[in-house]
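This report concerns only the one structure given below.
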Amino acid sequence: MKQQHTPPPVSPAPTTFSDEDDVMRHFNPPQHHHDHNRIQEQTSADDDDDSGVAKIHNPQKESDRRATIAQNRCQEDDPDATTTAYCATESPRDLLPRFRDSIGHGARATREGLKGLLQSDNNTGNTSINTNLSSVRSGANNLRQRTLHHVPSDDDSIGGALRPGGPVNLFAQENIGLLVNYYAVGIFNGILPGLVYPFFKIYLGLEGYQANATDTLLMFAWYFKFVFGIISDCMPVYGYRRKPYIIFGWCCVLVIMTIMALNPAVAPLRYTGDGRIVNPDAPNESPKYVIPLMIVTIGYLFADVSCDGLMVEFAQREFEHMRGRAQLTVYGVRFMGELSGTLLVALGLNSPMYNGTFKFALTINGVFWIMAGVALVTVLCTIFNLRDEKVNKGHSLKLQLASFWKIMQQRATWQIVLYGFLQKLSLAFDVTPSSTINHLWLNTDPFTKNLFRSATTGIYAAGSFVTHKYLLNVSWRTTMLIAIFCGLAFGLPSVMITVFDVYRNKYFYLTKDQLVSFFDCLAMMVRILVIVEIAEPGFESSTYGLVTTVYNLAGPMSTAISNYVNSGFDVYDEDIKSDSNYVRWQVAFSFFVMYGVRVFLNLAVLPLLPKQKREAKALKLHGGSNKLVSAGLFTFFALVFVFAITVNLMSLFKSTECLKIVGGDGCK
């Protein structure tokens, strides 16, 4: 006979939860009873109310346990699954809403099996028991499968964040060091390229090809951001992946800049006022400046790459509706730093000895002292005002590289890398007459050019703010269309007005450049925003560095292509000096080609860009992977890397720097 049991208690009304904290408060650990009647009573009550599962066990502990199991199985059972990134980024607390639903579905089948076992009598025999045990297993397997193969939606994690922890206040005391780092990087980005013309070209008297070579060498390290990112991600120092490398990079900068500031300054080649040669050996002294500044570039770039990884970590903790603010904030600060650096050079190095007009000027050693001071402040702020989470020892470098190769095979990775490369290829496409028009038709002086160059960095900061304020959740494709066509609408008519001598004014023409730069910045911000969505946990710097490195590689290729295209037009210096109607049309056609490439290439690659964060997340989860496509693409990018290195090395030598492929005017 069936065992008698007391009537089940009345099930409570279904409970609704307004937020996660309500859920956590609702599920309090119940008292466990082990007698047979109590278990049977609880089981009967569960028939009438799905929430009865809370009476058997503590769902909070259960969800924590199953979250750990799910994360382990994602790595052990299916390491190539596209859900690996999602499983690895959620904490048990984030998984609670999903497990509450999954437990409800799986537990119902499990309870049916338990009821059958408890209500069986001796007449049912082993067959019935085995049948009910199968039901129990079926329910448990159902729960596991729903957990492991659940496709996440916006409700699965708190606010759609990509990793737990909640949004980070970048202006808090423990995080402000990140903003200081980006501001310092901006200052160095503004100063170092700005020194090429006033100091190396004018003060030391380098020839044109030597000055170009100096510019190339100072920017050479930017092609190795990916390598720095791998080191930061895969080789933690005492468990820390970011701060040690940031401090190391800036300490190298501090030591070198202090030594350079303490050394006596080299006398200039000549005083521009009377053209009298003062130091004929000045050009031969350039290596003592170029080589240390190359090391400085490597140092602050190492710090910059590590900061990028930390920035991605912070950005992925933001809710979906606000994700992107971290990137836009740090880049806005960085552009303000570049504005400070370019203004320092434009205003501080503008005396006659630098081919300027001011009666006062900074010495080059004074500039080096300023750079050393910036490095010192950054080191201190990194030590005391930057938080870096300690990580486990992890795997060997070989296993880490193998894991990253799998990430590179994912469609989300190679598609975004390809998009960034083609975007840069189109935006960097320029025409030969651009600089010549400023010099021959508009008589633009170096000081005015430097001021507007400084203004460009301010425009980029404004672009970051506008994206942060108004375009954060606007479709990325819509933003790109705005950037493309507004740049065309402001740029092309202004150029035609200047080319055909309707109105020629250097301020009008340079203002056109600022407007186009603003819309180029919007396009750049879109690329930055999408990287965070595809970055894999544990490989933040590597992913960011990979996309950025390939993006930078498009620059030399774009220069080579544009020079080849422009060779078909009669737009050389002697032609532009004649200012004939024929030459004007030749210049106009070259600009038509430039804007045509910008528009049509950007429109052609637009389908590679996800519409917004949700679509980027879907691409990451469901895009799959393709070893053949990724191998082909990254082989091509490797060849582009070799091409970029070769082109830059060719620009160092007088016999080859004149070649159009490296940006010269053509060897005679």
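Going by the UniProt record's numbering, the first residue of the sequence shown is number 1, and it counts up by one from there. Using N, Cα and C, we set each Cβ at its ideal position, and we do this for glycine too.
Around the Cβ of P198, are there at least 16 other Cβ atoms within 10 angstroms (buried) or fewer (exposed)? Classification for P198: buried.
Excluding the five sequence neighbours on either side, which residues of its own chain have a C-beta within less than 7 Å of the C-beta of C251, listed in chain order? Only V379 meet the Cβ criterion.
L344 classed as buried or exposed, judged by whether at least 16 other C-beta atoms fall within 10 angstroms: With 16 or more other Cβ atoms within 10 Å, it is buried.
Output needed for E338: all residues of its chain with C-beta closer than 6 Å, excluding positions within five of it in sequence on either side, in chain order. Once the five neighbours on either side are set aside, the close Cβ partners of E338 are G186, N189, G190 and T457.
What's the gap between the Cα of I531 and the Cα of L293? Distance between the alpha carbons of I531 and L293 is about 30 Å.
At what residues does the alpha helix (DSSP H) containing T329 begin and finish? Following the DSSP letters along the chain, one finds T329 inside the alpha helix (DSSP H) bounded by residues R325 to G348.
Identify, in the order they occur along the chain, each residue of the same chain with its Cβ nearer than 6 Å to the Cβ of residue 670, setting aside the five sequence neighbours on each side. Here the chain covers residues 1 to 668 and nothing more, so residue 670 does not appear.
Starting from A631, follow the alpha helix (DSSP H) in both directions and report where the run begins and ends. Where A631 is concerned, the enclosing alpha helix (DSSP H) stretches over K627 to M650.
With S580 as the anchor, note down where its alpha helix (DSSP H) starts and where it stops. That residue, S580, is in no alpha helix (DSSP H); it is neither H nor E in DSSP.
Compare the Cα-Cα distances from V499 to each of N581, P167 and L362 and report the closest residue. Looking at the Cα atoms, N581 is the closest of the given residues.
Let me know the secondary structure DSSP gives Q410 once reduced to three states. Assignment of Q410 by DSSP, reduced to helix, strand and coil, places it in the strand class.
V278 by DSSP, collapsed to three states: which one? Assignment of V278 by DSSP, reduced to helix, strand and coil, places it in the coil class.
Rounded to whole angstroms, what's the CA-CA distance from Q173 to V526? Just pull it up for me. For Q173 and V526, the distance between alpha carbons rounds to 29 Å.
Out of curiosity, what's the CA-to-CA distance linking N385 and R334? Going from the Cα of N385 to the Cα of R334 covers about 18 Å.
Work out the CA separation of P167 and F314 for me, nearest whole Å. In this structure, the CA atom of F314 is about 7 Å from the CA atom of P167.
Per-residue burial, V647 [other beta carbons within 10 Å of its own, 16 or more giving buried]: Under this definition V647 is a buried residue.
Let me know the secondary structure DSSP gives R270 once reduced to three states. Here R270 carries a strand assignment [DSSP, helix/strand/coil].
Pull up the distance between the alpha-carbon of P97 and that of V474, whole angstroms please. With a pLDDT of only 45 at P97, under 50, the local geometry of the prediction cannot be trusted, and the value read off the model is given with reservation. When rounded, the distance between both Cα atoms is 28 Å.
So, Y332 versus A461, is the Cβ gap smaller than 7 Å? Reading off the sequence, residue 332 comes out as Gly, not Tyr. Yes. Within cutoff.
Residues sharing a beta bridge with Y240, DSSP: Looking at the DSSP assignment, Y240 forms a beta bridge with V237.
Cβ contact (3+ pairs, closer than 8 Å) linking the stretch 400-418 and the stretch 617-636: The answer is yes - the stretch 617-636 touches the stretch 400-418, with three or more Cβ pairs under 8 Å.
For H391, the three-state DSSP class (helix, strand or coil): Looking at the sequence provided, one finds Val at residue 391 rather than His. The three-state reading of DSSP puts V391 in coil, since its state is none of H, G, I, E or B.
Beta-carbon spacing of E533, A616 below 7 Å: Yes. Within cutoff.
Within the stretch 508-581, note down every full alpha helix (DSSP H) run reaching 4 residues or more, in order along the chain. 540-566 and 573-578, all fully within the stretch 508-581.
For L659, which residues of its own chain have a beta-carbon under 7 Å away from its beta-carbon, when the five flanking residues on both sides are left out? Answer for L659: M650 and C667, listed in chain order.
So, helix, strand or coil for V431, using DSSP? Look at V431 here: in three-state DSSP terms it is coil, with no helix or strand label.
If you run the structure through DSSP and keep just helix, strand and coil, what is C486? DSSP places C486 in helix when its eight states are reduced to three.
Could you pull out every residue in the same chain whose Cβ sits closer than 6 Å to the Cβ of D101, ignoring the five residues on either side in sequence? Caution applies to D101, whose pLDDT of 49 falls short of 50 and renders its modelled position unreliable; the value that the coordinates give is listed next. Nothing meets the Cβ criterion.
Go to R453, then tell me how far its alpha helix (DSSP H) extends in each direction, as first and last residue. R453: member of the alpha helix (DSSP H) spanning P446 to Y470, first to last residue.
List the endpoints of the continuous alpha helix (DSSP H) containing Q316. That run of the alpha helix (DSSP H) goes P287 to Q316.
Under 7 Å between the Cβ atoms of G205 and L269? Yes, the Cβ-Cβ distance between G205 and L269 is below 7 Å.
Does Q173 come out as helix, strand or coil in the three-state DSSP assignment? Here Q173 sits in coil by DSSP.
Residues near residue 703 by beta carbon distance below 8 Å, same chain, minus five either side: Given a span of 1 to 668 for the chain in the structure shown, any question on residue 703 remains unanswerable.
Same chain only: Cβ atoms within 7 Å of W405, ignoring 5 sequence neighbours per side: Cβ contact annotation for W405 (same chain, cutoff 7 Å, sequence separation greater than five): none.
Assuming G609 and Y419 make a contact with CB atoms under 8 Å, what is their CB distance in whole Å? At residue 609 the sequence reads Leu, which differs from the Gly that was named. Contact flag correct, Cβ pair sits at about 6 Å.
Under 6 Å from any heavy atom of the ligand ATP, does the C-beta of F302 make it? Among the components modelled here there is no ligand, and therefore nothing to report on the ligand ATP.
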